[in-house]
Amino acid sequence: MHLKTVSLVLGSGGARGLAHIGVIQWLTENGYNIRSIAGSSMGALVGGIYAARKLEVYSEWVLALERVQVVRLLDPAFGRAGLFKGERIISVLRELVGDRAIEDLPISFTAVATDLRSGEEVWLREGKLFDAIRASIATPLVLTPFDYCGRKLLDGGLVNPVPVAPTLHDATDLTVAVNPSGPVELSLSPRPSAPIVRGNAYRTRIRAFIDSLNLSKVSGEPATGFFDVAFASMEAMQNTIARLKLAACSPDVIVEIPRNSCSYHEFWRAKELIALGRERTAQAFAGARL
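When we follow this note's numbering, the leftmost residue of the sequence shown carries the number 121, and every step to the right adds one.
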């Protein structure tokens, strides 16, 4: 059977980016050969790990994550330009996946970041894989900017949330783009966050920390905490940019993951998000004229 070759574009969206795993699973299971990946933020993380041929290892790890374990991966930056340094999670992923030079990967890979000083879009196509990933996931306020070759870099989603442009010159049959900030669907109702079991001082401090960020509260009222407003503002901006970018560089297939499918930080919901990625990819291809 002839495998159709694919350039895969994986967008930003925090925990919703776990749906990228399901997208990749569906594509590979249905006879598509992914030859090239471009990703912003969480799309760069999942795409880079797949390009290193370690997605199955990462999937098993993230499926086993519980809420308290997600919080333990956070390393406070204390007075620096972001809440967390991001060193702990990158260290864990390096041990789990192993670091590689991007230029040695079996699949062409581009991580997209933003230059803090100039505001320019930066394409990272060489050097250490997890340096590029760390730069691309540097969400403002959450993770500190990353120093990369003399530049301070931030989240690629700030300038190109669904980065089709790096794939435009690929010699592949199809370009498939995944937008984790797709239209809201009312059928996807919000659900309460998984509880942390009380029982020791450490877990009590974790609960107090999360509550202080207003990240774990679910109610019928709109969220109005500092970080709720910051995330909502960034998402509104990125949604507008994504629509403009996708209109300018239209892919052959767009997989839309509703932006209300989960909150930015809910990385413990991997199982349902991976399933959602598979489901929405099947729907997108069923409706595509290829």
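For every residue, glycine included, the Cβ atom is placed at its ideal position computed from N, Cα and C. From a predicted model like this one, the values you see are computed outputs, not experimental measurements.
field: Cα-Cα separation between residue 289 and residue 188, rounded to whole angstroms
entry: 43 Å
query: Which residue comes first and which comes last in the beta strand (DSSP E) that contains residue 130?
result: 124-130
message: Less than 8 Å between CB atoms is the rule here; does residue 410 satisfy it with respect to chain D?
response: Any reference to chain D falls outside this structure, which holds one protein chain only.
message: Helix, strand or coil, according to DSSP, for residue 251 in the structure here?
response: helix
- request: Note down the Cα distance separating residue 182 from residue 238, rounded to an integer number of angstroms.
  value: 35 Å
message: Taking the beta strand (DSSP E) that residue 158 belongs to, which residues open and close that run?
response: 152-160
query: So which of 196, 133, 151, 178 has the shortest CA-CA distance to residue 163?
result: 133
query: Within this structure, are the beta carbons of residue 172 and residue 130 separated by less than 8 Å?
result: no
query: Is the distance from the Cβ of residue 160 to the Cβ of residue 281 below 8 Å?
result: yes
Close Cβ partners of residue 263 (< 7 Å) along its chain, the five nearest in sequence each way excluded: 202, 204, 206, 257
message: Considering Cα atoms alone, identify which of 295, 384, 147, 165 is closest to residue 210.
response: 165
message: Let's see if you can read the secondary structure: which residues bound the alpha helix (DSSP H) around residue 257?
response: Taken as a continuous stretch (DSSP letters only), residue 257 belongs to no alpha helix (DSSP H), as it is neither H nor E.
- prompt: Secondary structure at residue 364, three-state DSSP: helix, strand or coil?
  reply: helix
task: Determine the burial state of residue 403: buried for a count of at least 16 other Cβ atoms within 10 Å of its Cβ, exposed for fewer.
output: exposed
query: What is the DSSP secondary structure of residue 302, counted as helix, strand or coil?
result: strand
task: Could you name the residues of the same chain whose beta carbon sits closer than 6 Å to that of residue 359, not counting the 5 residues immediately before and after it, in chain order?
output: 301
message: Alpha carbons only, please: which of 292, 348, 401 is nearest the one belonging to residue 378?
response: 401
query: Is residue 227 helix, strand or coil by DSSP?
result: coil
field: Among 232, 270, 306, nearest to residue 285 - alpha-carbon criterion
entry: 232
task: Starting from residue 376, follow the beta strand (DSSP E) in both directions and report where the run begins and ends.
output: 373-378
message: Closest to residue 350 by C-alpha separation, out of 174, 259, 268, would be which residue?
response: 259
Option in 399, 140, 127 with minimal Cα separation from residue 387: 140
message: Taking 8 Å as the threshold (C-beta atoms), are residue 157 and residue 142 in contact?
response: no
- prompt: Where does residue 279 land, buried or exposed, given buried means 16+ other C-beta within 10 angstroms?
  reply: buried
- request: Count the other CB atoms, across all protein chains shown, that sit within 10 Å of the CB of residue 276; report buried if there are 16 or more and exposed otherwise.
  value: buried
- request: Using the Cα positions of residue 270 and residue 362, report the straight-line distance between them to the nearest angstrom.
  value: 28 Å
- prompt: Going by C-alpha distance, which of 405, 408, 385 is nearest residue 137?
  reply: 385
message: Measuring straight from C-alpha to C-alpha, what distance separates residue 154 and residue 185?
response: 27 Å
query: For residue 262, does the three-state DSSP call read helix, strand or coil?
result: coil
- request: List the residues that DSSP assigns as beta-bridge partners of residue 295.
  value: 127
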